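Under our numbering, the first residue of the sequence shown carries the number 478, and numbering increases by one thereafter. C-beta atoms are modelled at their ideal positions from N, C-alpha and C, and glycine is treated no differently. Nothing here was measured: the structure is a model prediction, and the numbers come from that model. Here is the structure we will look at.
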Amino acid sequence: MKRDTAIFKLIKEELHRQTSGIELIASENFVSAQVMEAMGSVMTNKYAEGLPGKRYYGGCEIVDQSEQLAIDRAKQLYNAAWVNVQPHSGAQANAAVMLACLNPGDKILGFDLSHGGHLTHGSPVNFSGKLYKPSFYGVEKESGLINYDNVEKIALKEKPKMIICGASAYSRDWDYVRLRKIADKVKALLLADISHPSGLIARGILNDPLPHCHIVTTTTHKTLRGPRGGMIMMGQDFPNPWGLKTPKGEIKMMSAILDAAVFPGTQGGPLEHVIAAKAVAYGEALSDSFVKYGIQVVKNANIMANEFIKRGYQVISGGTDNHLMLIDLRSKNITGKEAENALVKADITVNKNMVPFDDKSPFVTSGIRVGTPAITTRGLKERDIPKIVDLMDMVMMNHTNEKKLAAVKKEVNKMMKQYDLFAW
Ligand code: DSN
């Protein structure tokens, strides 16, 4: 068969883009060669609807073993009693959980998207806001922090059936103990979506939601550094609170209800090639070197936040506990969109982001979100961070000066030449 030169040319160009630039999108990372190898394997050819040992297709003996390995490693990594590794993404994982736990029209309470939350936590443009009745909590204007007394007040007023914690752009750790108390007070299920800090939580660098939240969802490709995908977990299984029974008359456990919500509830055949790659990534995340990696991610983010503050930037909440920070650019007279565009011209990738109480649209925004998982994978350390912030400052303060942008790009490319994409 003729080689598809059009696509492979583009893949080569993308490899060059990733290798020569500074990647600061907080939700991105660089997977290992063996994660990619598993993803690009013959496992993609296999249909395996169902679960290991209980499939609707023949010939699943081998993918059964690979999916079981993924399940076992994920359980060990997160100290989970139950996991489902089939969700194609974090959004799919959340859709399955909501299908399992809610009826259309039920109330949910999530973290406001414009304060750093996620679309699938009740946004009106997403299934979660269309099928269910959302209300939101946010951060305080002054501190940039979540006020849990305020969360409790809203929960008591709204009486949601589900409370969702977790974010895409919140730089502080979460108080899962307090949230569980609030959830218990209003008899809500508590869902933690840990997609962003997942890898840091897995290795004990941040608070662990699994002992406190009823259900936990995650993506596998952010700080966890696995293939693009999702997963659902529980620290402990429990009988479903609605008294639903099996055909034998026994109360169904939540694990069974969640499994059924993934397939056949919201998905068809699992992506067994991605599940094999998830197994590889879980194995890598169980290594000692991954703990060192996670610690370095947080160190780099901390130094970066301080370097921005030193240069007069407003970092929301004044710093970070995790892998990211949100920067309000209003005091610097540049929009998020302008900053993103200028930085991309200099081969520095970030995303524009709404900041709390933003007065601009999501297409313009007043801020940028910056994260350190990807540059840390490439081997950048404390000493490199002030230089990166200098380059970013130079770009943002001269964003219409094409000559300056070209000069920074040259420096960025020279700097990144020292770091292999697959070095680790
Ligand atoms: N789009 C992801 C992020 O960038 O955070 C969240 O789904």
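Under the three-state DSSP convention, the category residue i falls into
{"i": "T700", "result": "coil"}
{"i": "D583", "result": "coil"}
{"i": "M711", "result": "strand"}
{"i": "L666", "result": "strand"}
{"i": "R655", "result": "helix"}
{"i": "Q791", "result": "strand"}
{"i": "T521", "result": "helix"}
{"i": "I865", "result": "helix"}
{"i": "D897", "result": "coil"}
{"i": "R494", "result": "helix"}
{"i": "K479", "result": "coil"}
{"i": "I682", "result": "coil"}
{"i": "M575", "result": "helix"}
{"i": "V832", "result": "coil"}
{"i": "V807", "result": "The residue you asked about is not Val; residue 807 is Arg in the sequence shown. Reduced to three states, the DSSP call for R807 is helix."}
{"i": "G844", "result": "strand"}
{"i": "F507", "result": "coil"}
{"i": "K769", "result": "helix"}
{"i": "D650", "result": "coil"}
{"i": "Q542", "result": "helix"}
8 Å Cβ cutoff, residue i in contact with chain B
{"i": "G712", "result": "In the displayed structure, chain B is absent; only one protein chain is listed."}
Closest residue to residue i among the options (Cα-Cα distance)
{"i": "I631", "options": "N603, G587, S645", "result": "G587"}
{"i": "C690", "options": "L721, R655, P718", "result": "R655"}
{"i": "E859", "options": "V885, E784, A577, F899", "result": "E784"}
{"i": "V560", "options": "G707, S504, H698", "result": "G707"}
{"i": "L820", "options": "I499, F485, L492", "result": "I499"}
{"i": "I548", "options": "H673, E749, I488", "result": "E749"}
{"i": "R855", "options": "M831, Q773, D835", "result": "Q773"}
{"i": "K891", "options": "Y647, P741, L868", "result": "L868"}
{"i": "L735", "options": "L701, L668, E817, G643", "result": "L668"}
{"i": "A884", "options": "M893, Q895, K894, V872", "result": "V872"}
{"i": "F715", "options": "P704, S732, K894", "result": "S732"}
{"i": "N627", "options": "R680, K636, Y614", "result": "Y614"}
{"i": "S838", "options": "I678, D650, Q713, S591", "result": "S591"}
{"i": "Y790", "options": "N571, L806, V775", "result": "L806"}
{"i": "L622", "options": "G606, I641, H595, D652", "result": "D652"}
{"i": "M516", "options": "I682, A758, L492", "result": "A758"}
{"i": "S766", "options": "L721, G746, N779, R680", "result": "R680"}
{"i": "Y647", "options": "K886, V832, E817, V663", "result": "V832"}
{"i": "R846", "options": "P611, A665, G594", "result": "G594"}
{"i": "L857", "options": "A577, K829, A754, V775", "result": "V775"}
{"i": "T853", "options": "I502, E617, N684, W719", "result": "I502"}
{"i": "S566", "options": "D824, V866, R705, I585", "result": "R705"}
{"i": "V751", "options": "V519, M639, T743", "result": "V519"}
{"i": "K636", "options": "D836, H493, S612", "result": "S612"}
{"i": "T694", "options": "Q895, K722, A572", "result": "A572"}
{"i": "R702", "options": "D670, V768, I641, I692", "result": "V768"}
{"i": "K787", "options": "I862, S509, M513, E617", "result": "I862"}
Residue i beta carbon near the ligand DSN (any heavy atom closer than 7 Å)
{"i": "H592", "result": "no"}
{"i": "G567", "result": "yes"}
{"i": "S838", "result": "no"}
{"i": "H595", "result": "yes"}
{"i": "S766", "result": "no"}
{"i": "S600", "result": "no"}
{"i": "S509", "result": "no"}
{"i": "S620", "result": "no"}
{"i": "S497", "result": "no"}
{"i": "S648", "result": "no"}
{"i": "S605", "result": "no"}
{"i": "S808", "result": "no"}
{"i": "S518", "result": "no"}
{"i": "S645", "result": "yes"}
{"i": "S504", "result": "yes"}
Residue i - partner residues in DSSP beta bridges
{"i": "E500", "result": "T826"}
{"i": "P716", "result": "M730"}
{"i": "N561", "result": "I709"}
{"i": "G527", "result": "R532"}
{"i": "L801", "result": "G848"}
{"i": "V693", "result": "A669, M710"}
{"i": "K722", "result": "I728"}
{"i": "F588", "result": "Y614"}
Cβ-heavy atom distance, residue i to the ligand MN, below 7 Å
{"i": "P833", "result": "Inclusion of the ligand MN in the displayed structure is not the case, the ligand content consisting of the ligand DSN alone."}
Would you mind listing the alpha helix (DSSP H) stretches within the region 609-647 that are 4+ residues and don't spill past its ends, in chain order?
625-635
Please give the ranges of any alpha helix (DSSP H) in the region 871-895, keeping only runs that are unbroken, at least 4 residues long and fully inside the region.
879-893
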